[in-house]
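Read the structure below first, then the notes.
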Amino acid sequence: MPVSLVICNDIMAYVCGFFFGKTPLIKLSPKKTWEGFIGGGLATVVFGFVFALILIRYDYFVCPLEWDDTVGRLTAECTRNPVFVPRTYNVSKWLVRLFSFT
2 MPVSLVICND IMAYVCGFFF GKTPLIKLSP KKTWEGFIGG GLATVVFGFV
52 FALILIRYDY FVCPLEWDDT VGRLTAECTR NPVFVPRTYN VSKWLVRLFS
102 FT
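Going by the numbering used here, the sequence shown wraps up at 103, each residue one higher than the last.
In C-alpha coordinates form, the structure reads like this:
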(Lines of atoms letter the chains of each structure in order from A; the text may use other names.)
(Lines give C-alpha, C1' and ligand atoms only; values in the text may rest on other atoms or scores of the structure.)
Protein backbone atom coordinates (compact mmCIF):
# COMPACT_ATOMS: atom_id res chain seq x y z
CA MET A 2 0.00 0.00 0.00
CA PRO A 3 2.67 2.62 0.87
CA VAL A 4 4.51 2.11 -2.42
CA SER A 5 1.29 2.45 -4.41
CA LEU A 6 0.52 5.73 -2.58
CA VAL A 7 3.95 7.12 -3.49
CA ILE A 8 3.46 6.11 -7.12
CA CYS A 9 -0.04 7.64 -7.18
CA ASN A 10 1.26 10.87 -5.66
CA ASP A 11 4.10 11.14 -8.15
CA ILE A 12 1.91 10.50 -11.19
CA MET A 13 -0.96 12.74 -10.09
CA ALA A 14 1.38 15.59 -9.11
CA TYR A 15 2.85 15.42 -12.61
CA VAL A 16 -0.58 15.28 -14.30
CA CYS A 17 -2.07 18.10 -12.20
CA GLY A 18 1.03 20.21 -12.67
CA PHE A 19 1.04 19.59 -16.42
CA PHE A 20 -2.60 20.51 -16.95
CA PHE A 21 -3.22 23.13 -14.24
CA GLY A 22 0.26 24.28 -13.18
CA LYS A 23 0.94 27.99 -13.30
CA THR A 24 2.43 28.93 -9.92
CA PRO A 25 6.05 27.77 -9.34
CA LEU A 26 6.61 25.91 -6.07
CA ILE A 27 10.34 26.54 -5.53
CA LYS A 28 13.12 28.09 -7.59
CA LEU A 29 15.36 25.06 -7.14
CA SER A 30 12.99 23.00 -9.30
CA PRO A 31 11.21 25.40 -11.67
CA LYS A 32 8.88 22.80 -13.22
CA LYS A 33 7.27 21.95 -9.87
CA THR A 34 4.05 23.87 -9.23
CA TRP A 35 1.69 24.46 -6.32
CA GLU A 36 -1.16 23.06 -8.40
CA GLY A 37 0.75 19.81 -8.93
CA PHE A 38 1.68 19.61 -5.25
CA ILE A 39 -1.89 20.13 -4.02
CA GLY A 40 -3.48 18.01 -6.76
CA GLY A 41 -1.09 15.14 -6.08
CA GLY A 42 -1.79 15.30 -2.35
CA LEU A 43 -5.58 15.33 -2.74
CA ALA A 44 -5.52 12.53 -5.31
CA THR A 45 -3.32 10.44 -3.01
CA VAL A 46 -5.74 10.82 -0.09
CA VAL A 47 -8.72 9.82 -2.26
CA PHE A 48 -6.77 6.91 -3.77
CA GLY A 49 -5.73 5.76 -0.29
CA PHE A 50 -9.31 5.61 0.96
CA VAL A 51 -10.61 3.81 -2.13
CA PHE A 52 -7.69 1.36 -2.28
CA ALA A 53 -8.04 0.55 1.44
CA LEU A 54 -11.77 -0.15 0.99
CA ILE A 55 -10.93 -2.56 -1.82
CA LEU A 56 -8.07 -4.36 -0.03
CA ILE A 57 -9.87 -4.76 3.30
CA ARG A 58 -12.29 -7.21 1.66
CA TYR A 59 -9.58 -9.86 1.24
CA ASP A 60 -8.24 -11.94 4.13
CA TYR A 61 -4.80 -12.01 2.50
CA PHE A 62 -4.31 -8.33 3.34
CA VAL A 63 -5.54 -8.38 6.96
CA CYS A 64 -4.67 -11.84 8.30
CA PRO A 65 -1.21 -13.23 9.00
CA LEU A 66 -0.01 -15.93 6.62
CA GLU A 67 0.40 -19.32 8.28
CA TRP A 68 1.46 -22.70 6.96
CA ASP A 69 -1.40 -25.21 7.11
CA ASP A 70 -0.12 -28.80 7.21
CA THR A 71 -3.56 -30.24 6.41
CA VAL A 72 -3.68 -28.59 2.98
CA GLY A 73 0.07 -28.19 2.51
CA ARG A 74 0.08 -24.48 1.70
CA LEU A 75 -0.02 -21.00 3.17
CA THR A 76 -3.40 -19.84 4.39
CA ALA A 77 -4.68 -16.42 5.35
CA GLU A 78 -7.75 -17.24 7.39
CA CYS A 79 -8.39 -15.68 10.77
CA THR A 80 -10.93 -13.98 12.96
CA ARG A 81 -10.62 -10.38 11.91
CA ASN A 82 -9.49 -7.77 14.36
CA PRO A 83 -12.25 -5.16 14.86
CA VAL A 84 -9.93 -2.58 13.29
CA PHE A 85 -10.35 -4.36 9.93
CA VAL A 86 -14.15 -4.74 10.06
CA PRO A 87 -15.99 -1.99 8.16
CA ARG A 88 -18.59 -0.21 10.28
CA THR A 89 -21.31 2.33 9.62
CA TYR A 90 -21.23 5.49 11.69
CA ASN A 91 -24.09 7.88 12.30
CA VAL A 92 -23.07 11.48 11.80
CA SER A 93 -25.04 14.60 12.56
CA LYS A 94 -27.28 16.06 9.87
CA TRP A 95 -25.37 19.34 9.65
CA LEU A 96 -22.20 17.44 8.80
CA VAL A 97 -24.01 15.52 6.06
CA ARG A 98 -25.39 18.80 4.65
CA LEU A 99 -21.95 20.37 4.79
CA PHE A 100 -20.39 17.65 2.62
CA SER A 101 -23.41 16.94 0.42
CA PHE A 102 -22.81 17.36 -3.31
CA THR A 103 -26.44 17.43 -4.45
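Each residue gets a CB set at the ideal place from its N, CA and C atoms; glycine is no exception.
Strictly by DSSP, which residues pair up with residue i?
i, result
"TRP68", "LEU75"
"PRO25", "THR34"
Within the continuous alpha helix (DSSP H) that includes residue i, where are the two ends?
i, result
"ILE55", "35-56"
"TYR61", "60-63"
"LYS94", "94-99"
What three-state label does DSSP hand residue i in the structure shown?
i, result
"PRO3", "helix"
"PRO31", "coil"
"PRO87", "coil"
"ASN82", "coil"
"PHE102", "coil"
Taking contact to mean at least 3 C-beta pairs separated by less than 8 Å, is the segment 10-22 in contact with the segment 38-58? yes
Counting pairs of beta carbons, one from the segment 52-70 and one from the segment 80-94, are three or more of them closer than 8 Å? yes
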